[in-house]
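K.L.:
There's a structure below that I have some questions on.
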Amino acid sequence: MKTLTFLAFLLFFFHATMIGKKPNVVFFIADDVSQDDFGCYGHPVIKTPHIDSLAANGMRFDNAYLTTSSCSPSRCSIITGRYPHNTGAPELHVRLPLKQVRFPELLHESGYYTVLSGKNHMFGNKDRAFDRITGGGGPGKEEDWVDHLKDRPKDKPFFFWFASTDAHRAWSITKDAPKYDAKDVIIPPYLVDTPVTREDLTGYYHEVSRFDYYIGLVTAELKKQGVLENTMIVVAADNGRPFPRCKSRMYDSGIKTPWVVHFPEVIKSPSITQSLISVIDLSATCLELAGIKSPECVQGRSFMPILKKPETRIREVVFAEHNWHVYRNHERMV
Numbered sequence: 295m296k297t298l299t300f301l302a303f304l305l306f307f308f309h310a311t312m313i314g315k316k317p318n319v320v321f322f323i324a325d326d327v328s329q330d331d332f333g334c335y336g337h338p339v340i341k342t343p344h345i346d347s348l349a350a351n352g353m354r355f356d357n358a359y360l361t362t363s364s365c366s367p368s369r370c371s372i373i374t375g376r377y378p379h380n381t382g383a384p385e386l387h388v389r390l391p392l393k394q395v396r397f398p399e400l401l402h403e404s405g406y407y408t409v410l411s412g413k414n415h416m417f418g419n420k421d422r423a424f425d426r427i428t429g430g431g432g433p434g435k436e437e438d439w440v441d442h443l444k445d446r447p448k449d450k451p452f453f454f455w456f457a458s459t460d461a462h463r464a465w466s467i468t469k470d471a472p473k474y475d476a477k478d479v480i481i482p483p484y485l486v487d488t489p490v491t492r493e494d495l496t497g498y499y500h501e502v503s504r505f506d507y508y509i510g511l512v513t514a515e516l517k518k519q520g521v522l523e524n525t526m527i528v529v530a531a532d533n534g535r536p537f538p539r540c541k542s543r544m545y546d547s548g549i550k551t552p553w554v555v556h557f558p559e560v561i562k563s564p565s566i567t568q569s570l571i572s573v574i575d576l577s578a579t580c581l582e583l584a585g586i587k588s589p590e591c592v593q594g595r596s597f598m599p600i601l602k603k604p605e606t607r608i609r610e611v612v613f614a615e616h617n618w619h620v621y622r623n624h625e626r627m628v
């Protein structure tokens with residue numbers, strides 16, 4: 295009897311240890327930010343020191359692509375790991391059907407504590423994929439992110455989907471990020487260089503920096519709790535900046551996303567990869583980390599091999615589409 299009791303204790307201890315060692319995931323998604331608007335991607339003016347630090351100590355993906363350059367269809371695509379025309383929500387403001395599998399629900403079923411905080415734009419304020427869904431707080435919907443980290447159950451691995459409304463119009467200037475001078479603005483070649491354009495871009499710059507500020511707070515809290523090493527952090531955006539030829543367009547300025555991954559336990563040498571990935575690959579990657587087999591409905595591919603070896607290729611092509619965003623305009627990209 296004593297032997298059986300001891301064996302039961304060992305099994306329980308082993309199970310608890312394995313649960314504790316399951317990697318955590320924090321997914322940061324900006325609202326309307328193009329790839330080249332972070333400092334680590336070469337922007338000479340916009341200050342993003344915390345994202346830059348994650349990139350400098352992790353991996354920067356130079357060829358990460360969205361499946362669409364429109365808010366809700368992009369988010370629904372990421373959370374299902376499916377292309378927009380397969381999600382049942384291919385157009386702006388269309389809710390994700392209940393029958394669609396969200397990859398965080400599979401994490402939740404395997405013991406993860408799951409939270410969505412900030413901009414939702416996929417479903418209601420209750421969903422089977424998340425233990426908690428909150429509005430985030432503050433002008434950029436980021437103010438409760440650290441609170442979620444502090445309040446989480448400490449005996450479970452966690453998945454946090456932190457979704458900012460920075461840098462979506464209209465601009466809101468706060469003390470959490472620097473204010474920019476119109477004379478310092480870099481005008482893209484496809485925009486007209488006028489005082490109005492310059493002033494408009496200063497607001498955009500500010501909100502990109504505010505997104506970075508809150509990422510810094512979360513990263514500091516992860517470090518304080520001693521879980522930074524075992525946490526995969528991914529920084530991305532739902533579509534390009536809210537300017538002509540960017541958001542809702544198939545050009546790189548609209549469809550290419552920043553994709554910064556920080557994961558000390560896996561990324562042993564900071565690097566930049568040219569390997570091609572799609573945002574739907576997040577689903578398969580997170581499921582692999584959790585030891586869950588991807589269901590057939592998931593169209594993404596795990597980018598874990600790239601994290602271990604930056605030159606690895608998991609794709610030869612990526613696809614994107616545009617259907618309806620304010621007006622109907624069907625476009626496709628390969």
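Residue 628 is where the sequence shown ends in our numbering, and the numbering goes up by one at each step. Note that beta-carbon positions come from the ideal geometry of N, C-alpha and C, so glycine has one too. Predicted, not measured: the structure shown is a model, and the values here were computed from it.
Taking the alpha-carbon of Lys602 as reference, which of Asp478, Leu410, Lys562 has the nearest alpha-carbon?
P.N.:
Here residue 602 is taken as the residue at index 308 of the sequence shown, counted from 1. Of the listed residues, the one whose Cα sits closest to Lys602 is Lys562.
K.L.:
Can you check whether the CB of Ser364 is closer than 9 Å to the CB of Arg535?
P.N.:
If you number the sequence shown from 1, residue 535 lands on position 241. If you number the sequence shown from 1, residue 364 lands on position 70. Between Arg535 and Ser364, the CB-CB gap reaches or exceeds 9 Å.
K.L.:
Do you know how far the Cα of His344 is from the Cα of Glu605?
P.N.:
Along the sequence shown, one-based indexing puts residue 605 at 311. Along the sequence shown, one-based indexing puts residue 344 at 50. Approximately 25 Å between the Cα atoms of the pair.
K.L.:
Grab me the residues of Pro433's own chain with a C-beta within less than 7 Å of its C-beta, minus the 5 sequence neighbours each way, in chain order.
P.N.:
For the purposes of this step, residue 433 is taken as the residue at position 139 of the sequence shown. Result list for Pro433: Ser466, Thr468, in chain order.
K.L.:
Assess contact between the region 417-424 and the region 387-398, defined as three or more Cβ pairs (one per stretch) separated by less than 8 Å. Is contact present?
P.N.:
yes
K.L.:
With a 10 Å radius around its C-beta and 16 neighbouring C-beta atoms as the bar for buried, classify Lys477 as buried or exposed.
P.N.:
As a first step, residue 477 must be located in the sequence shown, where it is residue number 183. Of the other Cβ atoms in all chains shown, fewer than 16 fall within 10 Å of the Cβ of Lys477; this residue is therefore exposed.
K.L.:
Taking DSSP's pairing of strands, which residues face Glu625 in a bridge?
P.N.:
As a working mapping, residue 625 is identified with position 331 in the sequence shown. According to DSSP, Glu625 bridges with His616.
K.L.:
Which ranges does the alpha helix (DSSP H) cover as unbroken runs of at least 4 residues, wholly within the region 430-503, from first to last along the chain?
P.N.:
439-445
K.L.:
What did DSSP end up calling Phe557 once you bin it into helix, strand or coil?
P.N.:
What you label residue 557 is simply residue 263 of the sequence shown in a count that begins at 1. Coil.
K.L.:
Using 8 Å as the threshold, is the region 332-349 in touch with the region 581-591, meaning 3 or more CB pairs across them?
P.N.:
no
K.L.:
Please classify Ile480 as buried or exposed, where buried requires at least 16 neighbouring CB atoms within 10 angstroms.
P.N.:
Residue 480 sits at position 186 when you count from the first residue of the sequence shown. Exposed is the call here.
K.L.:
When you compare each of Arg607, Gly594, Val628 to Ser371 by their alpha carbons, which one comes out closest?
P.N.:
Translated into the one-based positions of the sequence shown, residue 371 becomes position 77. Out of Arg607, Gly594, Val628, Gly594 has the C-alpha closest to the C-alpha of Ser371.
K.L.:
Please classify Ile340: does DSSP put it in a helix, a strand, or coil?
P.N.:
Within the sequence shown, the letter at position 46 stands for residue 340. Collapsing the DSSP output to three states places Ile340 in coil.
K.L.:
Just reading off the alpha helix (DSSP H) that Arg275 is part of, what are its end residues?
P.N.:
Here the chain comprises residues numbered 295 to 628, so residue 275 is not present and cannot be evaluated.
K.L.:
For Ser347, does the three-state DSSP call read helix, strand or coil?
P.N.:
Taking the sequence shown and counting its residues from 1, one reaches residue 347 at position 53. DSSP places Ser347 in helix when its eight states are reduced to three.
K.L.:
Mind checking who Arg389 pairs with in its DSSP beta bridge?
P.N.:
The sequence position of residue 389 within the sequence shown is 95, counting from 1. Note: Arg389 sits in no beta bridge, so no partner.
K.L.:
Can you have a look at Tyr484 and say buried or exposed, based on whether 16 or more other CB atoms are within 10 angstroms of its CB?
P.N.:
Counting from 1 along the sequence shown, the entry for residue 484 is found at position 190. Exposed: under 16 other Cβ atoms inside 10 Å.
K.L.:
So Ala578 and Val592 are supposed to be a Cβ contact under 8 Å. How far apart are they, rounded?
P.N.:
Sequence index remark: in the sequence shown, residue 578 carries index 284 (1-based). Sequence index remark: in the sequence shown, residue 592 carries index 298 (1-based). Between the beta-carbon of Ala578 and that of Val592 there is about 6 Å, and that keeps the pair under the 8 Å contact cut.
K.L.:
If Thr513 and Leu348 are in contact, beta carbons under 8 Å, what's the gap, nearest whole angstrom?
P.N.:
Within the sequence shown, the letter at position 219 stands for residue 513. Within the sequence shown, the letter at position 54 stands for residue 348. Contact flag correct, Cβ pair sits at about 7 Å.
K.L.:
With the cut-off set at 9 Å, would you say Lys341 and Ala457 are in Cβ contact?
P.N.:
The residue you call residue 341 lines up with position 47 of the sequence shown. The residue you call residue 457 lines up with position 163 of the sequence shown. Result no, Cβ atoms of Lys341 and Ala457 do not sit closer than 9 Å.
K.L.:
Assuming Ile600 is part of the alpha helix (DSSP H), what are its boundary residues?
P.N.:
Taking the sequence shown and counting its residues from 1, the one referred to as residue 600 is at position 306. Segment 598-602, the alpha helix (DSSP H) holding Ile600.
K.L.:
Starting from Phe322, follow its DSSP beta bridges and name the residues at the other end.
P.N.:
Position 28 of the sequence shown holds residue 322. Paired residues: Phe456, Val529.
K.L.:
So His616 packs on Glu625, CB below 8 Å; how close in whole Å?
P.N.:
One-based indexing of the sequence shown puts residue 616 at position 322. One-based indexing of the sequence shown puts residue 625 at position 331. Contact flag correct, Cβ pair sits at about 4 Å.
K.L.:
Restricting to runs no shorter than 4 residues, where is the alpha helix (DSSP H) found entirely within the region 546-590?
P.N.:
546-549, 575-583
K.L.:
Please go through the same chain and pick out, in chain order, the residues whose beta-carbon is closer than 6 Å to the beta-carbon of Asp346, but skip the five residues on each side of it.
P.N.:
Stepping through the sequence shown from its first residue, residue 346 is reached at position 52. Taken in chain order, the residues that qualify are Gly333, Cys334.
K.L.:
Report the partner residues of Arg535 according to the DSSP bridge assignment.
P.N.:
Translated into the one-based positions of the sequence shown, residue 535 becomes position 241. Answer by DSSP bridge pairing: none, since Arg535 is not bridged.
K.L.:
Would you kindly report the start and end of the unbroken beta strand (DSSP E) that includes Asn357?
P.N.:
Residue mapping note: residue 357 aligns to position 63 of the sequence shown, counting from 1. Looking at the DSSP string, the run of the beta strand (DSSP E) that includes Asn357 is 353-359.
K.L.:
Residue range of the beta strand (DSSP E) that Leu410 falls in?
P.N.:
Here the question's residue 410 lines up with position 116 in the sequence shown. Note, Leu410: beta strand (DSSP E), 407-412.
K.L.:
In terms of residues, what are the limits of the beta strand (DSSP E) holding Thr428?
P.N.:
Counted from its first residue, the sequence shown places residue 428 at position 134. Per DSSP, the unbroken beta strand (DSSP E) holding Thr428 starts and ends at 426-428.
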